Amino acid sequence: MKSIFNRQVCTTCLKLSESFICRGCRQSFCAKHVNQHREKIAKDMSTLVTKCNRLHDESKSEKFAQQTLASIDRWEKESIERIRSTAQTARAELRPWIERIKHELEVPFQTMMDELQSRRKLQDYTEVDLKRWGAQLKEFNEKLKQRPVIEYIDSDDAQAVHLIRIIDRISLISPLDTNSMNSRSERSLNASQESSTFDQEAFGEFYGAITLSEHNHIAAYSGPWIGDASVCGKNSYSSGVHHLRFRIMDKFYNAPFLGISTAAQLMTEHMIACPSTNGWSNFDFPVVNGKEEFVGKDRILRPGDAVTLTLDCDRRQLLLRHLRTNRLSHLPIDVRICPFPWKLLIVFRRRDDSIRLLGGSVGLTTTDLDGKLPDPLKT
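With the first letter of the sequence shown counted as 1, position 38 gets the number 43 in my numbering; the numbers rise by one all the way through.
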């Protein structure tokens, strides 16, 4: 501690005396207390040096490196074992469906094919026969559509290794039951995706003050307090049933708009008002062909809520399920106004509104089925 001699009030005893002024802290000390101040500085220096030496020793410690590597090895082993166990369970759950399909479809389908080919060869058939065979073929096709779903288990971490499980709905849902909208909606939520890939959705092109993070799985509005910004998904959808899961991370009044537009629609201002835009600005506030409708008063969507948006291309409809209340909303799509392919669309209108894309469900592909079904049933 460098110091200069002067007559000042001692910082420690508050007495006026010939004092030293510390050039570090700029405080004055009398002859009695200046040594104490020096000792304190020296002690602080020793403590700092000790900490530096300890950190230096730990950074070079082989024991630390070995413990860290052992932890990584243990995590790797446990993760692989967990994935292997889950895969074995999924395979075991899938086998009964494969066997049931063989017994329920192979024999009656082959019988129908034998009759059809024989009657065709003999030219012994009428319109009644054609109608009957067409109905049988439609029934077989509907049963095939009720294939199991490979469902990704939700995780807020976009980079997590998602576990899967098999969901078999054939024994629970009649494929020919079309008497009510609810039956159709529930079947759509559980039907499989017809896509030929397992490509997961992510946010892509956007318009306005949108901030994307976590590998484009979180979208947030960072513009004026009240404004307009939109973001679409990177995938397009023309057939099959696709389930997309979201978590509302933050909202002010209305939740972010969840829905679709035709993929040909360019990203522009006020996307929610475009004719091909369909979806929900809140659970009871659907948007149909760019026009907001009000069918209720319940703004049930809250920060932290999870929802599932289902794009049912085969039945030309959207479904929105609110998981906390298990409510389901249905929206038919006019493909003359919103033609295929569709794309995911999110619209924000309040600053700091944000949403996380959690993942989705994918079904067995046509290629997967071709490798497991008998030849007469292959596509």
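Cβ coordinates follow ideal geometry from the N, Cα and C atoms, glycine included. Just so you know, these numbers come straight off a predicted model, no measurement behind them.
Rounded distance between the beta-carbons of Leu-325 and Phe-288, thought under 8 angstroms: 7 angstroms
Bridge partner(s) assigned by DSSP for Ala-224: Leu-217, Ile-360
Cut-off 6 angstroms between Cβ atoms - residues of its own chain near Arg-329, not counting five sequence neighbours on either side: Asp-310
N- and C-terminal bounds of the alpha helix (DSSP H) containing Val-112: 112–127
Start-to-end residues for the beta strand (DSSP E) that takes in Ala-311: 311–317
C-beta atoms of Met-117 and Gln-141 nearer than 8 angstroms: yes
The region 243–258 touching the region 304–322, judged by at least three CB pairs closer than 8 angstroms: yes
Pro-379 versus Ala-75 - alpha carbon distance: Residue placement at Pro-379 is flagged as unreliable, the pLDDT there being 46, under the threshold of 50; a coordinate-derived value is accordingly withheld.
Residues of its chain near Cys-279, where Cβ-Cβ distance is below 8 angstroms and the 5 sequence neighbours each way are ignored: Ser-266, Gln-270, Thr-273, Gly-295
Ala-234 burial status per 10 Å Cβ neighbour count (16 or more: buried): buried
Meets three-Cβ-pair contact criterion under 8 angstroms: the region 47–56 and the region 23–37: no
Cβ neighbours of Lys-20 in the same chain (closer than 6 angstroms, five flanking residues each side left out): none
The beta strand (DSSP E) enclosing Gln-32, as first and last residue numbers: Note, Gln-32: premise wrong, no beta strand (DSSP E); not H, not E.
Helix, strand or coil at Ser-5 [DSSP, three-state]: The requested residue 5 is not part of the displayed model; the chain covers only 6 to 384.
C-alpha gap between Lys-377 and Gln-322, whole angstroms: Note that Lys-377 has pLDDT 43, beneath the 50 cutoff, so the model's placement of it is unreliable and the number below is only indicative. Cα-Cα distance, rounded: 30 angstroms.
Contact set for Asp-134: own chain, Cβ-Cβ below 7 angstroms, skip 5 residues either direction: Arg-124
Alpha-carbon spacing of Ser-286 relative to Glu-298, whole angstroms: 9 angstroms
C-alpha gap between Gln-72 and Pro-344, whole angstroms: 58 angstroms
Cβ of Ala-214 within 8 angstroms of any chain D Cβ: Going by chain labels, chain D is absent from the structure shown, which holds only one protein chain.
Distance between Asp-319 and Ile-351 (C-alpha atoms, nearest Å): 22 angstroms
Cα-Cα separation between Phe-25 and Asn-40, rounded to whole angstroms: 10 angstroms
Own chain partners of Cys-18 with C-beta closer than 8 angstroms, once the 5 adjacent residues on each side are dropped: Cys-35, Lys-37, His-38
DSSP beta-bridge partners of Trp-285: Leu-263, Pro-291
Cα-Cα separation between Thr-216 and Ile-360, rounded to whole angstroms: 11 angstroms
Contact belief for Leu-363 with Phe-251 at Cβ below 8 angstroms, rounded distance in angstroms: 6 angstroms
Best match in Tyr-226, Gly-264, Val-112 for proximity to His-247 [C-alpha to C-alpha]: Gly-264
Proximity below 8 angstroms, CB of Ser-244 to CB of Trp-347: no
Option nearest Gly-232 by Cα separation, candidates Lys-82, His-61, Asp-357, Trp-80: Asp-357
Neighbourhood of His-275 by C-beta, 8 angstroms cutoff - its chain only, sequence neighbours within 5 removed: Asp-233
Identity of the residue in Ser-281, Leu-336, His-335, Val-293 nearest Ile-342 by Cα: Ser-281
Beta-carbon separation (whole angstroms), Trp-138 vs Leu-121, contact threshold 8 angstroms: 6 angstroms
Buried versus exposed call for Thr-131 [16 or more other C-beta atoms within 10 Å across all chains shown]: exposed
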